[in-house]
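So the protein sequences, as listed, match chains A and B. Sequential numbering from 72 applies to the first sequence in our numbering. Sequential numbering from 72 applies to the second sequence in our numbering.
There are 2 protein chains.
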Amino acid sequence: MTNITNITFSELKVGDCSHLSHQVTESDIRLFAASSGDNNPVHLDAEYASHTRFGHTIAHGMYSGVLISRVLGTQFPGPGTIYLSQSLNFCAPVLPNDTLTILLEVVALSDHKPVATLSCQITNQDEVVVCKGESVVLVPTEKQTVAMPPLPAFTEVDH
Amino acid sequence: MTNITNITFSELKVGDCSHLSHQVTESDIRLFAASSGDNNPVHLDAEYASHTRFGHTIAHGMYSGVLISRVLGTQFPGPGTIYLSQSLNFCAPVLPNDTLTILLEVVALSDHKPVATLSCQITNQDEVVVCKGESVVLVPTEKQTVAMPPLPAFTEVDH
């Protein structure tokens, strides 16, 4: 297990940032399809997708949202964070093998409650913005160092 | 393969609805963790989660978003739909074994473009709203019946 220490509300300042880089694989897309139940062929069928406006299979739009939620839950602010709301604008398609950079920045802190608003921007390796939005979270007020469980490991099997 | 016929913009009317029911399993939560990379222990570690405000492991908030995107991509409007934006308000925790009902309703249709705005509401078996928000999508203008690929099947393996 890896230990992760969260960031508390009193430690956060407007302008604080966190980022994560992730290269999207075909396997990520297939795992997301299984997790979501979304088997739209634009994500899974290369022949179908080649005839769409994208010319290629693309990742599910909501996969970008999932990566934002990963940053919130695992690193910034991390354990103890409660998700209140999220907005997402899907600006450009994400293709297999794209390397995404997910950047979160604190843009507002409530005066009354331990609530932070963070801007979210996801860019690809060509610096094209593929998704942007805003997260609102209840930030932990108590410092904690948490043993993060290993990520469950899944392997694809034949039907 | 199952064939799915999409709904075109000219067929949509304000007030049209679609829904999906889904019982959330522990396996869904573990698969989402693997797909997202989010191993926050509140989702995976029963002992840790028992000491949180929830008293139990909970599903990732963004799993609700994923279920909304599934409805858009697979049934309403279905194949050919392009995701433009999504807002999500996480209102209550989702626990393993909760049966969720995802309801989408058309609330606005653009006069100028084939763009629909849909309200989204997810309720659990006790009729508690766990998530609500709004989707904006580019709706297909051409009718198509599409062979939906089988959902990829994954099985959990030991590390």
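Glycine residues also receive a C-beta, built at the ideal position from the N, C-alpha and C atoms. As the structure is a computational prediction, the values presented were derived from the model and not from experiment.
Whether residue i touches residue j by CB criterion (8 Å)
i: A163/A; j: V201/A; result: yes
i: I139/A; j: V165/A; result: no
i: F225/A; j: T226/B; result: yes
i: N111/A; j: P221/B; result: no
i: E287/A; j: T216/A; result: Residue numbering for chain A in the displayed model covers 72 to 230; residue 287/A lies beyond these limits and cannot be assessed.
i: I173/A; j: L91/A; result: yes
i: T123/B; j: T212/B; result: no
i: N74/B; j: G151/B; result: no
i: S89/A; j: L159/A; result: no
i: S121/B; j: H127/B; result: yes
Cross-chain neighbours of residue i in chain B, by beta carbon under 9 Å
i: L102/A; result: L102, A105, S106, P223, F225
i: L174/A; result: Near L174/A there are no residues of chain B at all, since even the closest Cβ is about 16 Å away, more than 9 Å.
i: L115/A; result: M219, P220, P221, L222, P223
i: P211/A; result: Chain B residues near P211/A: none, gap ~10 Å exceeds 9 Å.
i: V201/A; result: Going along chain B, no residue has its Cβ under 9 Å from V201/A, so there is no contact; the nearest lies around 12 Å.
Contact list for residue i against chain B, beta-carbon separation under 8 Å
i: S158/A; result: S156, Q157, S158, L159
i: G126/A; result: Neighbours of G126/A on chain B: none; closest Cβ ~14 Å, over 8 Å.
Closest by C-alpha distance to residue i, when choosing among the options
i: L171/B; options: I100/B, N195/B, N111/B; result: N195/B
i: L155/B; options: V186/B, C191/B, G204/B; result: V186/B
i: N168/A; options: Q215/A, D197/A, A105/A, T79/A; result: D197/A
i: S190/A; options: L143/A, E82/A, T212/A, S92/A; result: L143/A
i: M133/A; options: V208/A, D87/A, I100/A; result: I100/A
i: V178/B; options: E97/B, V199/B, E82/B, V207/B; result: V207/B
i: S107/B; options: H230/A, P223/A, T79/A; result: P223/A
i: P148/B; options: F161/B, E97/B, G126/B, K214/B; result: K214/B
i: I193/B; options: D116/B, V210/B, F161/B, L115/B; result: F161/B
i: D87/B; options: L180/B, L209/B, V199/B; result: L180/B
i: M72/A; options: F125/B, V199/B, L115/B; result: L115/B
i: V95/B; options: H230/B, V137/B, K203/B, D229/B; result: V137/B
i: K184/B; options: K203/B, I153/B, S98/B, Y119/B; result: I153/B
i: Q157/B; options: A105/A, E97/A, K203/A, V85/A; result: K203/A
i: H93/A; options: D182/A, Y119/A, R141/A, L209/A; result: R141/A
i: T145/B; options: A105/A, A117/A, E118/A; result: A105/A
i: V85/A; options: A117/A, D182/A, E97/A; result: D182/A
i: S81/B; options: L209/B, E118/B, Y119/B, D229/B; result: L209/B
i: S98/B; options: H131/B, E118/B, M219/B; result: H131/B
i: E118/A; options: A218/B, V228/B, D229/B; result: A218/B
Contacts of residue i in chain A (Cβ-Cβ under 8 Å)
i: N168/B; result: Under the 8 Å cutoff, chain A gives no residues; its nearest Cβ is about 17 Å from N168/B.
i: Q145/B; result: First, the residue type needs correcting, since residue 145/B is Thr and not Gln in the sequence shown. Simply G108, D109, N110, N111.
i: V266/B; result: Residue 266/B is absent from the structure shown; chain B starts at 72 and stops at 230.
i: V95/B; result: Per Cβ cutoff of 8 Å: no residues; V95/B is ~11 Å from chain A at best.
Start-to-end residues for the beta strand (DSSP E) that takes in residue i
i: M219/A; result: 216 to 219
i: I273/A; result: This structure cannot speak to residue 273/A, because chain A is shown only from 72 to 230.
i: T226/A; result: 224 to 228
i: V210/B; result: Note, V210/B: premise wrong, no beta strand (DSSP E); not H, not E.
Residue i: contacting residues in chain B (beta-carbon distance under 7 Å)
i: S140/A; result: S107, D109, H131, G132, M133
i: H230/A; result: P221, A224
i: T251/A; result: Here chain A covers residues 72 to 230 and nothing more, so residue 251/A does not appear.
7 Å Cβ cut-off: residues of chain A touching residue i
i: T79/B; result: Near T79/B there are no residues of chain A at all, since even the closest Cβ is about 16 Å away, more than 7 Å.
i: V165/B; result: Those do not exist, as V165/B stays about 11 Å from chain A at its closest Cβ, beyond 7 Å.
i: V178/B; result: Simply none; closest approach about 17 Å.
Neighbouring residues, chain A, relative to residue i (Cβ below 9 Å)
i: P150/B; result: N111, P112, V113, Y119
i: G86/B; result: The contacting residues do not exist; G86/B stays about 25 Å from chain A at best.
Can you give, in chain order, each stretch of the beta strand (DSSP E) that sits fully within the segment 116 to 198 of chain B and has at least 3 residues? Qualifying beta strand (DSSP E) stretches, in chain order: 153 to 161, 170 to 180, 186 to 194.
Which parts of the segment 80 to 117 of chain A are runs of the beta strand (DSSP E), unbroken and 3 residues or longer, counting only runs that do not cross its ends? Listed in chain order, the complete beta strand (DSSP E) runs (minimum 3 residues) inside the segment 80 to 117 of chain A are 88 to 94.
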